[in-house]
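For the sequence shown, counting from 1, position 380 maps to 380 in UniProt numbering; every step adds exactly one. Idealized CB from N, CA, C, for every residue including glycine. Quantities reported herein were computed from a predicted structural model and do not represent experimental measurements. Shown next, in structure tokens, is the structure this report addresses.
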Amino acid sequence: MATPATRRQFLQAVGVTGGAGTLYSTMGALGLAPAAQAAPPFHAPRESDFTLTGRARKSVLILGGGIAGLATAYELGKAGYRVRILEARQRPGGRNWTVRGGTTETDLDGHTQRAAFAPGQYLNAGPARIAQHMVTLDYCRELGVPIEIFGNQNADGYYYNENVGALSGTAIRHRTAKADVYGYVSELLAKATDQGALDGYLTADDKERLLAFLRNFGAIGPRVTENPAASWRYTGSNRRGYLVDPGAGLEAGTPNLPPYALSDVIASGVGQYLSFEFGWDQAMLMFQPVGGMDRIPYALERAVGRGSITYGAQVSSITNTTAGVEVVYTGPDGSSKVATADFCVCTIPPQVLVNIPSNLTQAVKDALAYAVPVSTGKIGLQYGRRWWEREENIYAGITNTNMDLSTIWYPSYGYHGAKGVLVGYYNFGANADLYAALTPPSGRRGPSRRA
Ligand SMILES: Cc1cc2nc3c(=O)[nH]c(=O)nc-3n(C[C@H](O)[C@H](O)[C@H](O)COP(=O)(O)OP(=O)(O)OC[C@H]3O[C@@H](n4cnc5c(N)ncnc54)[C@H](O)[C@@H]3O)c2cc1C
């Protein structure tokens, strides 16, 4: 270098070639510009953040005591507002509802069901699983609600499909389905790669790296020189499970081989279930509150203060006024009452709110009408013996099926206990409508109880 560059010349050159962003980063690295500031960590409002000095505390009516209404009341209460919740039911939580022994529910057709689960047994009739990124877990931490792992996927759970070819009616373990689907997909992709079908997309190095990955991913065989058909074969492995488990001494175990035929695996449809766990909000690990999902709304109820919630209050009209808001509701005693406040936060679900008279703008009403409810159904079956653990070695997790019951859930609590509650079905849409149209059995043995 003939002449050493000055700092100014150096920065000019960086700016010309790399642009302003690069220039600024370089200046930062040289200590000539303030380093990029990380966003301050989020924290929920606290009372001191909203000190209403010299003014009366504003009042807020919150319509609906589901998790949205309760969380709103909790946060606004912390911020210094006077809050009041109007909730139509006699309990907090809304869709967040845990059914235990003695829980009674009368449906819209007038059928009353009473759960007869044993002490400690329960069914989360609404939400049941919480993903690690959800703010719900932050509330559990803040409110002291203990959590435990919810088994959303289980290698030992079963898949079971009907009318799908040779594997119809075969209970296939998740691990077996995964081994065969990944194995065959790997074999096919490896063959296509090695035989040049993807040369337009992959360099020679890419191809070798991909082949190395697929050998491991699918547990497939190696390239067989000058024999493309015999190369990269999937012939199964102990990933499928064992017919005889490995034991002591010379007992190495008998793997569950051979794999199902490629065509039968594709026809069976089990591969479709595997992508479920890739979902943003369905991937393990997932969590549940110890003792039932409704531990969260009851903790919020305590934090908000029972006196701030009116249960049995069904809102029948909402009017924005010049002074604030006026809400008419039917009180617990059946009489019509009026509540007023400076502000209102309405958490009544849109498909319900759209039918409540209000002076909301037409644009808002149109938006509310856009939301279409989707049916879903669940049943809790109590067994006197946890046969899924004792005979099938299944501890938590979900069985998928293409039958109208859709899914069966094994409980993620009470392992090795005397009894257990299975979610006997959790289905959606047309299947849920089909089941909902059935009349619950009358008499002592309601649908939420099995001996
Ligand atoms: C079967 C099922 C499974 C689910 N699984 C999960 C899951 O695993 N994980 C997850 O994160 N989410 C899950 N969800 C979604 C989750 O339950 C909801 O997103 C959440 O509970 C909605 O809370 P919310 O407060 O907005 O509504 P809601 O819980 O519906 O609360 C609305 C409240 O308004 C009240 N109300 C209605 N009309 C009136 C009226 N006229 N006057 C006064 N009060 C009224 C209702 O009684 C209710 O308490 C599931 C939902 C269902 C149904």
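* Residue closest to Arg57, alpha-carbon to alpha-carbon, out of Ala313, Ala341 and Asp138 -> Closest by alpha carbon: Ala341.
* Asked: Can you name, in chain order, every residue of its own chain whose Cβ lies under 7 angstroms from the Cβ of His111, other than the five neighbours on each side?
  -> Result list for His111: Thr439 and Pro440, in chain order.
* Buried or exposed: where does Glu226 fall if 16 or more other Cβ atoms within 10 Å of its Cβ makes it buried? -> Classification for Glu226: exposed.
* On the three-pair Cβ rule with 8 angstroms, is the region 117-133 touching the region 273-293? -> Yes: at least three Cβ pairs fall under 8 angstroms.
* To do: Grab me the residues of Ala283's own chain with a C-beta within less than 6 angstroms of its C-beta, minus the 5 sequence neighbours each way, in chain order.
  => Taken in chain order, the residues that qualify are Glu277.
* Start-to-end residues for the beta strand (DSSP E) that takes in Trp97 -> For Trp97, no beta strand (DSSP E) segment is defined, and its DSSP state is neither H nor E.
* Asked: Does the beta carbon of Gly94 fall short of 6 angstroms from some heavy atom of ligand 1?
  -> Relative to ligand 1, the nearest heavy atom lies less than 6 angstroms away from the CB of Gly94.
* So, helix, strand or coil for Tyr298, using DSSP? -> Helix.
* Asked: Just the Cα atoms here: how many angstroms apart are Gly417 and Val423?
  -> Using only the alpha carbons, I get a separation of about 17 angstroms.
* To do: Could you give the DSSP three-state label for Tyr201: helix, strand or coil?
  => Coil.
* Could you check the C-alpha separation between Arg240 and Tyr435 for me, to the nearest Å? => Cα to Cα, the separation comes out at about 35 angstroms.
* Asked: Where do the ends of the alpha helix (DSSP H) carrying Thr193 lie?
  -> Element bounds for Thr193: His174 to Asp194.
* Asked: Where do the ends of the alpha helix (DSSP H) carrying Trp409 lie?
  -> Under the DSSP assignment, Trp409 falls outside any alpha helix (DSSP H), being part of the beta strand (DSSP E) whose first and last residues are Thr407 to Tyr410.
* Asked: Can we count Glu148 as close to ligand 3, meaning its CB is less than 6 angstroms from some heavy atom?
  -> In terms of ligand content, the structure shown lacks ligand 3 and carries ligand 1 instead.
* Asked: Ala219: buried (16+ other C-beta within 10 angstroms of its C-beta) or exposed?
  -> It is buried - the Cβ of Ala219 has at least 16 other Cβ atoms within 10 Å.
* From what residue to what residue does the beta strand (DSSP E) around Ala436 run? -> It is not in any beta strand (DSSP E) - Ala436 instead sits in the alpha helix (DSSP H) that spans Gly429 to Ala436.
* To do: With a threshold of 6 angstroms, establish whether the CB of Val145 neighbours any heavy atom of ligand 1.
  => Every heavy atom of ligand 1 is 6 angstroms or more from the Cβ of Val145, so no.
* Reducing DSSP to helix, strand and coil, say where Gly420 ends up. => Under the three-state reduction of DSSP, Gly420 is assigned to strand.
* Using three-state DSSP, classify Ser335 as helix, strand or coil. => Coil, per DSSP.
* Leaving out the 5 sequence neighbours to the left and right, which residues in its chain are closer than 7 angstroms to Tyr260 when beta-carbon positions are compared? -> Leu167 and Asp180, listed in sequence order.
* Check whether the region 61-74 touches the region 341-352, counting contact only when three or more Cβ pairs, one atom from each stretch, lie closer than 8 angstroms. => Contact between the region 61-74 and the region 341-352 is present, because at least three Cβ pairs lie under 8 angstroms.
* For Gln153, is the beta carbon positioned less than 6 angstroms from some heavy atom of ligand 1? -> Checking every heavy atom of ligand 1 against the Cβ of Gln153, none is found closer than 6 angstroms.
* To do: Identify the continuous beta strand (DSSP E) that holds Val60 and give its terminal residues.
  => First-last of the beta strand (DSSP E) with Val60: Ser59 to Leu63.
* Taking C-beta to C-beta, are Ile309 and Asp156 nearer than 7 angstroms? -> Result no, Cβ atoms of Ile309 and Asp156 do not sit closer than 7 angstroms.
* Asked: Ala88: beta carbon under 6 angstroms from a heavy atom of ligand 1?
  -> True, at least one ligand heavy atom lies under 6 angstroms from that Cβ.
* Asked: Just to confirm, does Lys223 get its C-beta within under 6 angstroms of one of the non-hydrogen atoms of ligand 1?
  -> Sequence check: residue 223 is Arg here, not Lys. It does not: the Cβ of Arg223 is nowhere closer than 6 angstroms to a heavy atom of ligand 1.
* Exposed or buried, Pro373, counting other C-beta atoms within 10 Å across all chains shown (16 or more means buried)? -> Exposed, since its Cβ has fewer than 16 Cβ neighbours within 10 Å.
* To do: Verify the contact flag: Ala303, CB atom, against every heavy atom of ligand 1, threshold strictly below 6 angstroms.
  => Flag unset: Cβ of Ala303 not near ligand 1.
* **Contact test: Arg295 Cβ vs ligand 1 heavy atom, cutoff 6 angstroms** => Arg295: no, Cβ never under 6 angstroms from ligand 1.
* Excluding the five sequence neighbours on either side, which residues of its own chain have a C-beta within less than 8 angstroms of the C-beta of Ser231, listed in chain order? -> Same-chain partners within the cutoff: Ala190, Lys191, Asp194, Gly221, Pro222, Arg223 and Val224.
* Residue(s) in a DSSP beta bridge with Ser358 -> Beta-bridge pairing links Ser358 to Ile318.
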